[in-house]
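Number of protein chains: 2
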Amino acid sequence: MEFLSGQTTKEALELKELLAPERVGTEVKVNGFVHSIRAMGEVSFVVLRKREGLLQCVFEEGASALPVKSLRESQTVELFGLLEKDERAPHGIEVRVKGGEILTTPYAPLPLPIGKWKLNTSLEAKLDNRSIALRNVRERAKFRIQEGIVRGFREYLTSQQFTEIHTPKIGAKGAEGGSNIFKLDYFHRPAVLAQSPQFYKQMMVGVFDRVFETAPVFRAEKHNTKRHLNEYTSLDFEMGFIDSYVDIMEMETGFLQYTMKLLAAEYADELRILNVTLPNTEKIPMVRFDRAKELVSEKYDRRIRNPYDLEPEEEHLIGRYFKEECDADFVFVTHYPSKKRPFYAMDDPADERFTLSFDLLFGGLEVTTGGQRIHDYQMLREKIVRRGMSEEGMDMYLDTFKYGMPKHGGLGIGLERMTMKIVGEENVRETTLFPRDLSRLEP
Amino acid sequence: MEFLSGQTTKEALELKELLAPERVGTEVKVNGFVHSIRAMGEVSFVVLRKREGLLQCVFEEGASALPVKSLRESQTVELFGLLEKDERAPHGIEVRVKGGEILTTPYAPLPLPIGKWKLNTSLEAKLDNRSIALRNVRERAKFRIQEGIVRGFREYLTSQQFTEIHTPKIGAKGAEGGSNIFKLDYFHRPAVLAQSPQFYKQMMVGVFDRVFETAPVFRAEKHNTKRHLNEYTSLDFEMGFIDSYVDIMEMETGFLQYTMKLLAAEYADELRILNVTLPNTEKIPMVRFDRAKELVSEKYDRRIRNPYDLEPEEEHLIGRYFKEECDADFVFVTHYPSKKRPFYAMDDPADERFTLSFDLLFGGLEVTTGGQRIHDYQMLREKIVRRGMSEEGMDMYLDTFKYGMPKHGGLGIGLERMTMKIVGEENVRETTLFPRDLSRLEP
Chain U
2 MEFLSGQTTK EALELKELLA PERVGTEVKV NGFVHSIRAM GEVSFVVLRK REGLLQCVFE
62 EGASALPVKS LRESQTVELF GLLEKDERAP HGIEVRVKGG EILTTPYAPL PLPIGKWKLN
122 TSLEAKLDNR SIALRNVRER AKFRIQEGIV RGFREYLTSQ QFTEIHTPKI GAKGAEGGSN
182 IFKLDYFHRP AVLAQSPQFY KQMMVGVFDR VFETAPVFRA EKHNTKRHLN EYTSLDFEMG
242 FIDSYVDIME METGFLQYTM KLLAAEYADE LRILNVTLPN TEKIPMVRFD RAKELVSEKY
302 DRRIRNPYDL EPEEEHLIGR YFKEECDADF VFVTHYPSKK RPFYAMDDPA DERFTLSFDL
362 LFGGLEVTTG GQRIHDYQML REKIVRRGMS EEGMDMYLDT FKYGMPKHGG LGIGLERMTM
422 KIVGEENVRE TTLFPRDLSR LEP
Chain S
2 MEFLSGQTTK EALELKELLA PERVGTEVKV NGFVHSIRAM GEVSFVVLRK REGLLQCVFE
62 EGASALPVKS LRESQTVELF GLLEKDERAP HGIEVRVKGG EILTTPYAPL PLPIGKWKLN
122 TSLEAKLDNR SIALRNVRER AKFRIQEGIV RGFREYLTSQ QFTEIHTPKI GAKGAEGGSN
182 IFKLDYFHRP AVLAQSPQFY KQMMVGVFDR VFETAPVFRA EKHNTKRHLN EYTSLDFEMG
242 FIDSYVDIME METGFLQYTM KLLAAEYADE LRILNVTLPN TEKIPMVRFD RAKELVSEKY
302 DRRIRNPYDL EPEEEHLIGR YFKEECDADF VFVTHYPSKK RPFYAMDDPA DERFTLSFDL
362 LFGGLEVTTG GQRIHDYQML REKIVRRGMS EEGMDMYLDT FKYGMPKHGG LGIGLERMTM
422 KIVGEENVRE TTLFPRDLSR LEP
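Sequence lines, in order, name chains U and S. Just remember that the numbering used here sits 1 ahead of the position in the first sequence, which is counted from 1. Just remember that the numbering used here sits 1 ahead of the position in the second sequence, which is counted from 1.
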């Protein structure tokens with residue numbers, strides 16, 4: 002009988018192993034994609050692309066049993082040779098190749114010059130050749146940063162005793178109603194794709210008190226802008242036994258602080274590759290919606306057209322105001338007007354035209370929407386009636402409140418937008434692996 | 002200007018804080034759901050349900066400013082009093098209540114006796130009242146174990162230099178073709194929901210070498226069994242530069258070993274609540290598909306009806322065979338017939354009727370499907386032709402191979418099935434928060 006008992010050691014070494022000081026001067030075996038080839042007369046430099054970064058391999062004339070002339074970009078190869086220090090090489094090491102073998106060979110030259118440091122190609126070309134464009138070192142680094150953000154979210158919330166949940170994306174009715182819903186046929190019954198896990202995460206507050214989910218959400222919005230996607234990854238949490246909506250903003254501040262530390266510690270290579278300076282999260286200003294409008298109106302001499310709405314231009318100016326006034330990259334805007342928030346938002350008892358809710362702006366762009374929710378069954382039903390909505394399809398959501406719920410609130414963060422702002426991109430498609438928008442359904 | 006600088010300390014203490022030895026004998030403030038009330042004459046025991054577990058609060062006649070008679074199940078309350086040791090109480094501590102307040106009150110008595118240790122209710126009743134049923138301590142514990150499995154998957158793969166990816170769930174064409182696909186209208190274009198992230202994770206092997214995703218998948222299968230769902234959470238990984246399909250099984254073995262240790266260390270309370278003995282993952286047997294059929298046919302005197310298919314009953318017997326013969330809970334069955342695997346599966350060069358693929362059985366149930374994939378462009382195209390399939394809609398997938406790919410493979414794990422087998426349930430709906438099946442689209 003044959004058994005497996007875990008992973009076995011591989012002969013081919015990874016970058017981390019090669020960087021151990023005792024390896025220098027020894028013979029090593031390595032593998033990777035041929036990322037670039039530079040022939041300099043008697044010496045050729047072949048850079049391998051590995052999962053952790055680039056590795057320089059040097060072919061000196063006559064020194065390698067595998068001729069460098071047999072190599073081509075985008076082959077995968079296994080090489081062996083002496084590991085030596087070289088300050089000019091990436092990571093300060095290189096392999097003086099003695100031989101090796103070609104593992105796989107492409108059938109056509111690459112459609113994009115991915116071996117270049119910066120891929121100066123249009124966004125359309127990058128998206129049309131997505132699996133190739135992402136092989137560029139800078140392109141792929143953005144998605145390592147994205148991974149770090151999600152890790153930060155999960156690790157921080159886990160340390161704060163949140164439980165991770167998985168809620169269904171196909172349902173009988175949209176959580177927030179409205180028309181921006183994708184419809185599908187579910188075994189001859191009408192169904193919709195989830196716009197958010199809102200109802201489910203609230204229902205789960207009664208079970209685990211604190212819950213989070215990192216999952217796709219679907220919005221059939223006909224917006225064709227640089228900041229909208231029709232499918233995106235939402236980082237959601239919901240927490241019970243809060244004192245007020247401020248608890249939720251404090252939790253998000255804690256997440257942001259933890260995540261920036263995590264990125265600085267474990268994604269330093271990628272931050273360097275992208276030349277990113279991490280935003281300031283030590284102290285995040287908090288301002289009321291109406292006050293924020295006044296502030297930018299005064300400072301930038303801009304007339305307030307609608308006191309109950311925030312235009313993208315105003316969001317941008319609020320970001321600018323707090324950057325200029327207190328060097329803040331983030332700002333919490335609180336007390337959004339009730340009519341701009343969903344029915345489940347808790348109105349401010351001091352002035353019911355406003356809610357105990359907030360958006361987080363990052364460089365003038367909304368990256369989070371959150372707030373306290375209504376936990377009282379009768380208050381929730383009355384608000385549904387006042388909105389002219391129907392309780393139809395909401396029975397199980399409403400029952401949760403009928404049988405008792407604590408004061409609670411939560412938020413949702415758009416992962417791709419957050420990534421875009423951190424890495425300094427202008428279009429959210431740049432930080433989405435395979436974006437879905439009005440015109441793009443492939444790849 | 003007001004600023005937020007992270008989380009502030011709360012007066013109400015969590016269970017972990019209460020368990021610090023120096024707290025005993027001090028006055029504490031606590032909050033939670035009223036889980037159960039037991040009146041014993043002059044003394045009443047009120048058990049609070051908190052996110053980390055249960056907490057006993059004792060009301061002695063005349064000792065509390067808040068009368069115990071004002072309390073009801075499923076209220077949320079904040080209480081204060083002396084923290085004392087008591088061996089008979091959960092976690093060995095209790096609060097001798099001096100007063101407190103009722104935070105929220107339900108509008109109706111609970112529809113299920115969730116305060117009982119075991120919720121002896123039908124599965125249908127549990128699903129119809131999902132947000133209430135899950136408040137039972139045993140019911141919710143299953144989903145803490147589920148969280149631990151996902152954490153184990155991510156943490157182990159992250160330590161093995163995998164990168165987490167987020168791939169779209171709406172697409173132009175199903176990755177594996179076939180009829181079991183949910184269809185939807187995407188801005189007047191036909192679209193489908195992803196059956197698996199297969200194409201995308203393969204495309205990303207060329208970028209990050211090792212990738213994983215934990216996300217929902219959608220199968221419009223008309224199976225109405227205890228082990229099928231129409232939407233489930235798939236734990237997927239894909240890895241490049243493999244020597245053979247065995248590398249993938251070794252990686253999964255490593256994940257299982259890591260995860261069992263994580264569960265034992267950090268989910269001990271839940272394992273105890275559910276009375277779970279973790280499966281043996283030290284050595285996992287590996288057997289060929291055809292040999293496995295022979296073994297159970299010989300031992301259990303069962304005729305092989307179809308040498309190219311594995312019936313559920315045979316899977317069950319394979320599980321039983323390896324439990325009896327080598328006390329194994331898991332078994333890798335390798336070399337599935339080519340005609341039972343998707344076109345991208347790598348055929349065995351030694352016998353093309355079989356593939357370099359595997360299933361992992363856990364107690365006789367398939368919980369993983371994986372294997373080596375075809376990495377050669379021409380081989381892939383030829384197989385598509387041989388299958389009578391069309392390349393339509395697969396251009397970008399195929400281009401990935403045209404431009405060069407390493408030898409690679411991967412797998413997909415059904416999270417709800419894995420959870421079900423670990424906690425010893427018989428129906429996968431028991432370990433799905435909000436299951437979707439042929440008849441259930443709500444809650």
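Virtual Cβ for every residue (Gly too), placed ideally from N, Cα, C. Given the structure is predicted, the values throughout are model-derived calculations rather than measurements.
Using a Cβ cut-off of 8 angstroms, pull out every chain S residue sitting near residue i, in sequence order please.
| i | result |
| --- | --- |
| Ala216 (chain U) | Ala216 and Pro217 |
| Glu53 (chain U) | Gln162 |
| Asp210 (chain U) | Lys51 and Arg52 |
| Ile133 (chain U) | Gly207, Asp400, Thr401 and Tyr404 |
| Met287 (chain U) | Glu3, Phe4 and Leu5 |
| Leu412 (chain U) | Correct list: empty, because the minimum Cβ distance to chain S is about 13 angstroms. |
Mind checking who residue i pairs with in its DSSP beta bridge?
| i | result |
| --- | --- |
| Cys58 (chain S) | S:Val47 and S:Val96 |
| Asn32 (chain U) | U:Glu79 |
| Asp186 (chain S) | S:Pro191 |
| Tyr233 (chain U) | U:Val218 |
| Thr370 (chain U) | U:Asp360 and U:Gly413 |
Enumerate in chain order the residues of its own chain whose CB-to-CB distance from residue i is below 6 angstroms, with the five nearest sequence positions on each side excluded.
| i | result |
| --- | --- |
| Pro219 (chain S) | Inspection of the sequence shows that residue 219 (chain S) is occupied by Phe rather than by Pro. Answer for Phe219 (chain S): Phe183, Leu194 and Glu232, listed in chain order. |
| Thr105 (chain U) | Thr77 |
| Thr282 (chain U) | Leu257, Gln258 and Met261 |
| Ser358 (chain S) | Tyr337, Arg342, Ala346 and Gly372 |
Along chain U, which residues have their Cβ under 8 angstroms away from the Cβ of residue i?
| i | result |
| --- | --- |
| Gly101 (chain S) | Correct list: empty, because the minimum Cβ distance to chain U is about 13 angstroms. |
| Glu283 (chain S) | Ser6 |
Closer than 7 angstroms by C-beta to residue i: which residues in its own chain qualify, once you throw out the five before and the five after it? Chain order, please.
| i | result |
| --- | --- |
| Pro191 (chain S) | Lys184 |
| Phe163 (chain S) | Arg211, Val212, Phe213 and Phe238 |
| Phe435 (chain S) | Arg131 and Pro444 |
| Lys86 (chain U) | Val25, Gly93 and Ile94 |
| Ile38 (chain U) | Ser45, Val47, Leu72 and Glu74 |
By the criterion of Cβ-Cβ separation under 9 angstroms, what are the contact partners of residue i in chain S?
| i | result |
| --- | --- |
| Val151 (chain U) | Glu165 and His167 |
| Ile171 (chain U) | Phe183, Leu194, Pro217, Phe219, Asn231, Glu232, Arg437 and Leu442 |
| Met390 (chain U) | Simply none; closest approach about 18 angstroms. |
Give me the Cβ distance between residue i and residue j, rounded to the nearest whole Å; I'm assuming they're in contact under 8 angstroms.
| i | j | result |
| --- | --- | --- |
| Arg441 (chain U) | Leu120 (chain U) | Contact flag wrong, Cβ pair sits at about 19 angstroms. |
| Gln258 (chain S) | Gly7 (chain U) | 6 angstroms |
| Glu214 (chain U) | Glu165 (chain U) | 7 angstroms |
| Lys143 (chain U) | Thr420 (chain U) | 7 angstroms |
| Leu362 (chain U) | Glu312 (chain U) | The pair is not a contact, with the Cβ atoms about 13 angstroms apart (cut-off 8 angstroms). |
| Thr168 (chain S) | Pro217 (chain S) | No, Thr168 (chain S) and Pro217 (chain S) are not in contact; Cβ-Cβ is about 11 angstroms, not under 8 angstroms. |
| Lys51 (chain S) | Leu16 (chain S) | 6 angstroms |
| Leu56 (chain S) | Val31 (chain S) | 6 angstroms |
| Glu18 (chain U) | Glu43 (chain U) | Going by Cβ atoms, the distance from Glu18 (chain U) to Glu43 (chain U) rounds to 30 angstroms, so no, they are not a contact pair. |
| Asp348 (chain U) | Ser339 (chain U) | 5 angstroms |
In chain S, what lies closer than 7 angstroms to residue i by C-beta?
| i | result |
| --- | --- |
| Ala109 (chain U) | Lys403 and Tyr404 |
| Ile38 (chain U) | Those do not exist, as Ile38 (chain U) stays about 14 angstroms from chain S at its closest Cβ, beyond 7 angstroms. |
| Glu186 (chain U) | Just to set this straight, residue 186 (chain U) is Asp in the shown sequence, not Glu. Here the neighbours are Lys184. |
Kindly list the residues whose CB is nearer than 8 angstroms to the CB of residue i, restricted to its own chain and excluding five residues on each side of it in sequence; keep chain order.
| i | result |
| --- | --- |
| Glu156 (chain U) | Tyr259 and Leu263 |
| Phe242 (chain S) | Asp210, Pro407, Lys408 and His409 |
| Leu296 (chain S) | Val288, Ile319 and Tyr322 |
| Ser245 (chain S) | Leu357 and Gln373 |
| Leu458 (chain U) | Outside the displayed range of chain U (2 to 444) lies residue 458 (chain U), so it cannot be described from this structure. |
Under 9 angstroms between beta-carbons, which chain U residues line up against residue i? List them in chain order, please.
| i | result |
| --- | --- |
| Cys327 (chain S) | Met2 and Phe4 |
| Met397 (chain S) | Asp129, Asn130, Arg131, Ser132, Glu443 and Pro444 |
| Pro407 (chain S) | Asn32, Gly33, Phe34, Thr77, Leu104 and Thr105 |
Going by the C-beta, is residue i closer than 7 angstroms to any heavy atom of the ligand SAH?
| i | result |
| --- | --- |
| Lys127 (chain U) | With respect to the ligand SAH, the structure offers nothing, as it holds no ligand at all. |
Taking Cβ-Cβ distances shorter than 7 angstroms, what residues in chain U pair up with residue i?
| i | result |
| --- | --- |
| His1 (chain S) | The first residue shown for chain S is 2 and the last is 444, placing residue 1 (chain S) beyond what the model contains. |
Notebook entry, point to check: Touch check for the stretch 403-410 of chain U and the stretch 104-124 of chain S: three-plus C-beta pairs under 8 angstroms?
Noted result: yes
Next item on the list: Indicate whether the contact test is met: 3 or more Cβ pairs, each with one atom in the stretch 65-83 of chain U and one in the stretch 92-101 of chain U, closer than 8 angstroms.
Entry: yes
Check: Do the stretch 140-151 of chain S and the stretch 410-422 of chain S meet, that is, are 3 or more Cβ pairs less than 8 angstroms apart?
Finding: yes
Check: Taking contact to mean at least 3 C-beta pairs separated by less than 8 angstroms, is the stretch 287-300 of chain U in contact with the stretch 329-336 of chain U?
Finding: Here the stretch 287-300 of chain U makes contact with the stretch 329-336 of chain U; the two share three or more CB pairs at distances below 8 angstroms.
Notebook entry, point to check: Are the stretch 350-365 of chain U and the stretch 378-393 of chain U in contact at 8 angstroms, needing three or more beta carbon pairs?
Noted result: no
Margin query: For the stretch 300-314 of chain S against the stretch 269-281 of chain S, do three or more pairs of beta-carbon atoms, one drawn from each stretch, fall closer than 8 angstroms, so that the two count as touching?
Written below: no
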